Amino acid sequence: MAEIDPEVWQAVRLSLKVAIWATLAALPPGIFVAYALVRWRFPGRQFLNGLVHLPLILPPVVTGYLLLLAFGPQGPAGRALEPLGIVFAFRWTGAALAAGVMAFPLLVRAIRLSLEAVDPKLEQAAATLGASRLWVALTVTGPLVLPGILAGAVLAFAKAMGEFGATITFVSNIPGETQTLPSAIYAFLQIPGAESSVVLLVLISIAIAMGALLVSELISRRLAAWVAGR
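First residue of the sequence shown? That's 1 in UniProt numbering, and the numbers climb one at a time after it.
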């Protein structure tokens, strides 16, 4: 292991950093959008639903290119944020943005399915007893949806760890700055004699993905049992 290229561990650390920030940034809007799609009726609801799931359908390269157009140095969002010191293009923050966008549909879907399973009569009963909407959300809806939120967050984290197409298109493949696990695997595949690094990165990727799925399942079961016993 001492002979393994330091870029391997650098890519692992950067991938964890990118995936964590992508998941944390996606959670608040993910919860809001999922709630809006399930509980509200408004013009453009189906359009919003389609827009949320668009990254799952579009080629990841297209998503990355659209992010580059919007948040690149010449993009409207990029020019607006640059004076504030917020730069996404060719930075790890851009990798987190791309990973978050690609993981967002999985997060929203998990939360949405959890919300759809909640009986609205429970919320209505709490409201008739004088509870405010916020209190109902915190004490009734929140605990019931919590398994879906945490499971969705874990799946989003796993997706962010494995994101490649949108990331490399938007922020390129810069070692130490934007080179995540998938990008590092791609780069080492181009280097003769770097098979050991490729194998190690592949094994790490598989371990993280399987671990995330097992943790997601465990969390869902434990929280579902906890909610049922309340």
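No residue lacks a Cβ here, since even glycine has one placed at the ideal position from N, Cα and C. Computed from a predicted structure; not experimentally measured.
Contact belief for residue i with residue j at Cβ below 8 Å, rounded distance in angstroms
{"i": "Val-145", "j": "Val-118", "result": "6 Å"}
{"i": "Leu-37", "j": "Arg-133", "result": "Not a contact, Cβ separation roughly 17 Å."}
{"i": "Gly-162", "j": "Ala-110", "result": "17 Å between Cβ atoms; not a contact."}
{"i": "Leu-69", "j": "Gly-75", "result": "5 Å"}
{"i": "Ala-187", "j": "Asn-173", "result": "6 Å"}
Any non-hydrogen atom of the ligand GDP within 8 Å of residue i CB
{"i": "Met-210", "result": "For the ligand GDP, the structure offers nothing, since it holds no ligand at all."}
CB of residue i within 9 Å of CB of residue j, strictly
{"i": "Val-108", "j": "Gly-152", "result": "yes"}
{"i": "Ala-158", "j": "Phe-104", "result": "no"}
{"i": "Leu-56", "j": "Leu-115", "result": "no"}
{"i": "Ala-184", "j": "Val-8", "result": "yes"}
{"i": "Arg-91", "j": "Thr-178", "result": "yes"}
{"i": "Ala-125", "j": "Trp-135", "result": "no"}
{"i": "Ala-98", "j": "Thr-169", "result": "yes"}
{"i": "Trp-40", "j": "Thr-93", "result": "no"}
{"i": "Val-171", "j": "Ala-225", "result": "no"}
{"i": "residue 272", "j": "Leu-48", "result": "This structure does not reach residue 272, given that the chain is present from 1 up to 230, and the question cannot be answered."}
Residues of its chain near residue i, where Cβ-Cβ distance is below 6 Å and the 5 sequence neighbours each way are ignored
{"i": "Phe-164", "result": "Pro-182"}
{"i": "Thr-139", "result": "none"}
{"i": "Ala-2", "result": "With a pLDDT of 43 at Ala-2, under the threshold of 50, the modelled position of that residue is not reliable, and no figure is offered here."}
{"i": "Asp-5", "result": "Ser-197"}
{"i": "Arg-222", "result": "none"}
Endpoints, alpha helix (DSSP H) assigned at residue i
{"i": "Arg-91", "result": "Looking at the DSSP string, Arg-91 is not in any alpha helix (DSSP H), and its letter there is neither H nor E."}
{"i": "Arg-39", "result": "6-39"}
{"i": "Asn-49", "result": "45-57"}
{"i": "Ser-168", "result": "A small correction: the amino acid at residue 168 is Ile; Ser does not occupy that position in the sequence shown. Residues 165-171."}
{"i": "Pro-60", "result": "60-71"}
{"i": "Leu-144", "result": "142-162"}
{"i": "Leu-181", "result": "181-189"}
{"i": "Gln-124", "result": "120-128"}
{"i": "Gly-78", "result": "76-81"}
{"i": "Leu-84", "result": "Counting along the chain, Leu-84 falls outside any alpha helix (DSSP H), and DSSP gives it neither H nor E."}
{"i": "Leu-134", "result": "133-136"}
Test: residue i CB closer than 9 Å to a CB of chain C
{"i": "Thr-180", "result": "Of the protein chains in the structure, only one exists, and it is not chain C."}
8 Å CB neighbourhood of residue i in its chain, flanking five on each side removed
{"i": "Ala-212", "result": "Val-154, Leu-155, Phe-157, Ala-158, Met-161"}
{"i": "Val-215", "result": "Val-154"}
{"i": "Phe-42", "result": "Ala-36"}
{"i": "Pro-29", "result": "Phe-104"}
Neighbourhood of residue i by C-beta, 7 Å cutoff - its chain only, sequence neighbours within 5 removed
{"i": "Thr-180", "result": "Ala-11, Leu-14, Ser-15, Val-18, Ala-95, Thr-167"}
{"i": "Ser-205", "result": "Gly-162, Leu-181"}
{"i": "Tyr-65", "result": "Thr-169"}
{"i": "Leu-189", "result": "Val-198"}
{"i": "Gly-176", "result": "Gln-10"}
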